[in-house]
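> Numbering (the working numbering), first residue to last: 6 to 88.
(1) Rounded to whole angstroms, what is the Cα-Cα separation between residue 84 and residue 33?
(2) What did DSSP end up calling residue 86 once you bin it into helix, strand or coil?
(3) Looking only at its own chain, which residues have a Cβ that is under 6 Å from the Cβ of residue 41, when we skip the five neighbours before and after it?
(4) Which class does residue 28 belong to by DSSP, given the choice of helix, strand or coil?
(5) Consult DSSP for residue 80 and reduce its assignment to one of helix, strand or coil.
(6) Whole angstroms are fine: how far does the CA of residue 45 sit from the CA of residue 56?
Next up, the structure:
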């Protein structure tokens, strides 16, 4: 689940950087919420089910959470810096 979420979140951020036209503010708000929700679910799973996360799985999940928070920050910045 962590690898899939990293892939999707990075793809969404990459596709936003190459897009010439900026999407509507509501789409940025949805993306921010999506990134925060996914990060929250990953954290919740690590807390509730620590037996599922050993070694590499825990590391990849932490990387996915960091990517989620950075992505939410990226889209929040894009939302506030609209032209």
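Backbone N, C-alpha and C define an ideal beta-carbon position, used for all residues, glycine too.
Here's the rundown:
(1) Approximately 6 Å between the Cα atoms of the pair.
(2) Coil.
(3) 77.
(4) Three-state DSSP puts residue 28 in coil, outside helix and strand.
(5) If DSSP states are grouped into helix, strand and coil, residue 80 belongs with the helices.
(6) Rounded to the nearest angstrom, the two C-alpha atoms are 18 Å apart.
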